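Convert by adding 15 to the 1-based position in the first sequence; the result is the number in the numbering used here.
The structure appears below as structure tokens.
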Amino acid sequence: MDFHLVDSLSSIGNFVKVLQECEVVGLDVETDKLDPFTHTWLLLQLEMNGSIYVFDVRKIGIPNITYIIQLLKDTNKLIIGHNLKFDFKIIYHNTKEILTNCFDTMLAETMIYNGLNKNYYCSLETLVKNYFDVDLDKEIRKTFFNFTGELTNQQLYYAAEDVQYLSRIKDIQLKKLIEQKQEKVVELEMSLVPVFMHIEYTGIYLNKEDWLKNKDFAEKQIVITKDKLMQYILNNIKFDQYENAIAVVERFKILQKNKLTKSLKLILETLRGEFIKGYFEGQFNLDSPIQLKVVLNELGIPVEDTNEKTLLKYQKHEIISTILEYRGYTKQITTYGEKFLDHINPATGMIHTQYNQLGAASGRLSSDSPNLQNQPAKQSFRQCYQARPGYKILTIDYSQAELRLAGAVSKEPEFINSFLNGIDLHTKTASFLFDKDVSQVSHSERARGKSLNFATLYGSSAYGLTYNFGIPTDDAEKYLQKFSNGYKVLSNFKEGFENKIWENKFTTTVIGRKRYFEDKRVYKDAYERDRYIAKIKREGFNHLIQGGIGDTIKIAMKNIFYENPFGHDNLIILLQTHDELCVEIQEDILDAGKEFVLNKMLDAERLFLGEIPAKADCFINLFWTKE
DNA sequence: CATGAAAGCGCC
DNA sequence: AAAGGGCGCTTTCATG
Numbered sequence: 016m017d018f019h020l021v022d023s024l025s026s027i028g029n030f031v032k033v034l035q036e037c038e039v040v041g042l043d044v045e046t047d048k049l050d051p052f053t054h055t056w057l058l059l060q061l062e063m064n065g066s067i068y069v070f071d072v073r074k075i076g077i078p079n080i081t082y083i084i085q086l087l088k089d090t091n092k093l094i095i096g097h098n099l100k101f102d103f104k105i106i107y108h109n110t111k112e113i114l115t116n117c118f119d120t121m122l123a124e125t126m127i128y129n130g131l132n133k134n135y136y137c138s139l140e141t142l143v144k145n146y147f148d149v150d151l152d153k154e155i156r157k158t159f160f161n162f163t164g165e166l167t168n169q170q171l172y173y174a175a176e177d178v179q180y181l182s183r184i185k186d187i188q189l190k191k192l193i194e195q196k197q198e199k200v201v202e203l204e205m206s207l208v209p210v211f212m213h214i215e216y217t218g219i220y221l222n223k224e225d226w227l228k229n230k231d232f233a234e235k236q237i238v239i240t241k242d243k244l245m246q247y248i249l250n251n252i253k254f255d256q257y258e259n260a261i262a263v264v265e266r267f268k269i270l271q272k273n274k275l276t277k278s279l280k281l282i283l284e285t286l287r288g289e290f291i292k293g294y295f296e297g298q299f300n301l302d303s304p305i306q307l308k309v310v311l312n313e314l315g316i317p318v319e320d321t322n323e324k325t326l327l328k329y330q331k332h333e334i335i336s337t338i339l340e341y342r343g344y345t346k347q348i349t350t351y352g353e354k355f356l357d358h359i360n361p362a363t364g365m366i367h368t369q370y371n372q373l374g375a376a377s378g379r380l381s382s383d384s385p386n387l388q389n390q391p392a393k394q395s396f397r398q399c400y401q402a403r404p405g406y407k408i409l410t411i412d413y414s415q416a417e418l419r420l421a422g423a424v425s426k427e428p429e430f431i432n433s434f435l436n437g438i439d440l441h442t443k444t445a446s447f448l449f450d451k452d453v454s455q456v457s458h459s460e461r462a463r464g465k466s467l468n469f470a471t472l473y474g475s476s477a478y479g480l481t482y483n484f485g486i487p488t489d490d491a492e493k494y495l496q497k498f499s500n501g502y503k504v505l506s507n508f509k510e511g512f513e514n515k516i517w518e519n520k521f522t523t524t525v526i527g528r529k530r531y532f533e534d535k536r537v538y539k540d541a542y543e544r545d546r547y548i549a550k551i552k553r554e555g556f557n558h559l560i561q562g563g564i565g566d567t568i569k570i571a572m573k574n575i576f577y578e579n580p581f582g583h584d585n586l587i588i589l590l591q592t593h594d595e596l597c598v599e600i601q602e603d604i605l606d607a608g609k610e611f612v613l614n615k616m617l618d619a620e621r622l623f624l625g626e627i628p629a630k631a632d633c634f635i636n637l638f639w640t641k642e
């Protein structure tokens, strides 16, 4: 290994010459913490044509490191790294420079095996092992955590090793990706690394006081609903039919198996009458689906499980709505309560989510720590996400994006004409289901139409319609038939597409994003095989549509970021929620900023819609809103 | 006590 | 016997 330690300006040697002569640069950083706001930057490692330069950041100092980063930027070398979003964040925090021309080996690996690599660990160690049969020492990397003092030669050596294989991994991966015809996807995803870096680093402000008001209200409601439920249960279950408390424990499963000790058993055997009731009251856990199911059964409600859809079938029992009410408020406390505020970073006062740009096999993002893509849609929660003083928040979402794309890829004339003429597609579908003119469709009929439209996108069967939408079994089959009669072109397209999925074992979105499916080859019986084929047909068609929208909004985000004429200080993406962007805009450029974002979103959508018009709805307020 | 699966539910 | 796609988080419960 051609190793150079740079711990003083005089030890920089031929670095500049080596940099200028190279094509690509492998890059990695070592820090003492993962938090970009409170870490100490220890090392910057660069690999160029086999030469590895390890910069001791603490000794060289940030100003000189900034110069090195600017050199990388100005020479516009392709930067190769593993999970570069992290490295770029450290670099941005310390130098305020944003590197853009990059190739991320972690993202590349995920793309190559998309759909197959659910449980495949895409660590650098795994890649180096798989591609070169070399073992990297994982343990030594942990020694940087909370590190202070003088770095050992061993640490410097292993830091260097982390950049040693990057460009060779990239060559192998790029070859595969080109064979897979995923060039466009590579270009898009790599260009997004700095975009998500910047969004995560910026964060979003959450008003604590407003947030906690929801919690306070929910807590009160929980007390009320819980009390109501307990009273109902105690009054309507005949506890005196049980011989003793043991019988109640066994029937209602109100004790974990290992909790029922011999001594406790002795006591419980002696409990009778009202004492049994009292014991049950103290022990019953409303949050336990297992216990709740038995209770409901005892109350004469024959539920097979206790999820919301099942419970809704038994709505006529007064207790059901109270249970659902209780559940809703519980969620507001557990997931969206006080603990959620721990996600506010103390150093910045902001929430910095993590976006996983290939988090979903469909090509959608996912978000975690916290997940900001499943925040309650209720205004009382959303309005807590607020703009900084002097700014406003533009919330902008695509209108019926998936149906538009389905119409475009299938070239279904009924879809195309409806969108061209401003006819609501849910109403249009209802007009087919109920054999009437769109002008005669009622509110509830439109709701059925909407169900059918979604059922088609998600590949629902007649039974699924019954189960999930409460549509009568007799009607479900009929509706599906009327749907395919009404939209013949779409139905034929879908069938042809789905047959190809099984043939090819992969699907491709509008920009060439691949999702692969495995052929399990061994099936218990023909029935299991058919079910598996049906499953990947659903997933594959969904990949085409959902993934296509994922591609669309990613393209929009890329262009908003790179073509932003106002500067990142004045117009900044805060959130993405699959078909929606939340953008903070400085008040003085509000109108121009809104037009810019809207046009970028529409331009991206137009790439794939053919003659169907692109559409997005804008909302401007002091906070995140869709009203 | 730690870990992982399953159930349930928040969002698009 | 199963039964619409894509996620992440919290709780319960079993297991080691």
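Glycine included, C-beta positions come from ideal geometry on N, C-alpha and C.
Being a predicted model, the structure only gives us computed values, none of them experimental.
Going by Cα to Cα distance, which pick from the options is closest to residue i?
| i | options | result |
| --- | --- | --- |
| Lys230 | Phe396, Phe70, Arg621 | Phe396 |
| Ser23 | Asp255, Phe70, Ala174, Asp545 | Phe70 |
| Ser384 | Gln398, Gln169, Thr368, Leu275 | Thr368 |
| Gly352 | Ile80, Glu234, Val39, Glu204 | Glu234 |
| Phe101 | Asn64, Val44, Lys190 | Val44 |
| Arg419 | Ile431, Ile411, Leu409 | Ile431 |
| Phe103 | Glu124, Thr81, Glu258 | Thr81 |
| Val310 | Leu279, Tyr257, Lys272, Ile252 | Ile252 |
| Cys117 | Asn300, Ile219, Ile94 | Ile94 |
| Cys633 | Phe267, Lys407, Glu204 | Lys407 |
| Phe508 | Tyr494, Asn483, Tyr547, Lys552 | Lys552 |
| Gln236 | His593, Thr345, His332, Leu20 | Thr345 |
| Tyr502 | Tyr180, Leu605, Glu165, Pro428 | Pro428 |
| Glu533 | Asp540, Tyr542, Asn519, Asp545 | Asn519 |
| Met212 | Phe611, Glu313, Ile105 | Ile105 |
| Asp320 | Met121, Lys308, Asp603 | Lys308 |
Could you please give the first and the last residue of the uninterrupted beta strand (DSSP E) stretch that includes residue i?
| i | result |
| --- | --- |
| Glu62 | 56-63 |
| Ser377 | Ser377 -> no beta strand (DSSP E), and no H or E assigned at all. |
| Asn371 | 369-371 |
| Gly41 | 39-46 |
| Phe576 | It is not in any beta strand (DSSP E) - Phe576 instead sits in the alpha helix (DSSP H) that spans 541-577. |
| Asp119 | 117-119 |
| Phe634 | 631-636 |
| Ser454 | Element bounds for Ser454: n/a, residue is neither H nor E. |
| Leu589 | 586-591 |
| Phe18 | 17-21 |
| Thr523 | 521-523 |
| Arg530 | 529-531 |
Would you mind sorting residue i into buried or exposed? The rule is 16 or more other CB atoms within 10 Å of its CB.
| i | result |
| --- | --- |
| Lys569 | buried |
| Arg528 | buried |
| Leu448 | buried |
| Ser466 | buried |
| Gly130 | buried |
| Thr163 | exposed |
| His458 | exposed |
| Pro304 | exposed |
| Ala629 | buried |
| Phe232 | exposed |
| Leu667 | Only positions 16 to 642 of the chain appear in the structure, and residue 667 is not among them; the question remains open. |
| Ala123 | buried |
| His583 | exposed |
Locate the alpha helix (DSSP H) running through residue i, then write down its first and last residues.
| i | result |
| --- | --- |
| Thr345 | 333-349 |
| Ala491 | 488-501 |
| Ile105 | 99-110 |
| Ile305 | 304-313 |
| Ser206 | 198-217 |
| Gly96 | Here Gly96 belongs to no alpha helix (DSSP H); instead the beta strand (DSSP E) covers 93-96. |
| Lys74 | 72-75 |
| Val33 | 30-36 |
| Leu596 | Per DSSP, Leu596 belongs to no alpha helix (DSSP H); it is in the beta strand (DSSP E), 595-601. |
Would you check if there are 3 or more beta carbon pairs closer than 8 Å linking the segment 556-568 to the segment 466-478? Yes: the two stretches touch, three or more of their Cβ pairs being nearer than 8 Å.
I'd like to know if the segment 33-42 and the segment 188-201 are in contact, where contact means that at least 3 CB-CB pairs between them fall below 8 Å. Counting Cβ pairs under 8 Å, fewer than three are found: no touch.
To test your reading of the DSSP string, which unbroken beta strand (DSSP E) runs of 3 or more residues are found completely within the segment 401-435? 406-413
Are the segment 288-308 and the segment 233-253 in contact at 8 Å, needing three or more beta carbon pairs? Taking a cut-off of 8 Å on C-beta distances, the segment 288-308 touches the segment 233-253, as three or more cross pairs fall below it.
Is the segment 517-536 close to the segment 479-489, with three or more CB pairs under 8 Å? No, the segment 517-536 is not in contact with the segment 479-489.
Under 8 Å, with one C-beta from each stretch per pair, do the segment 142-151 and the segment 211-225 reach the 3-pair mark? Segments in contact, no.
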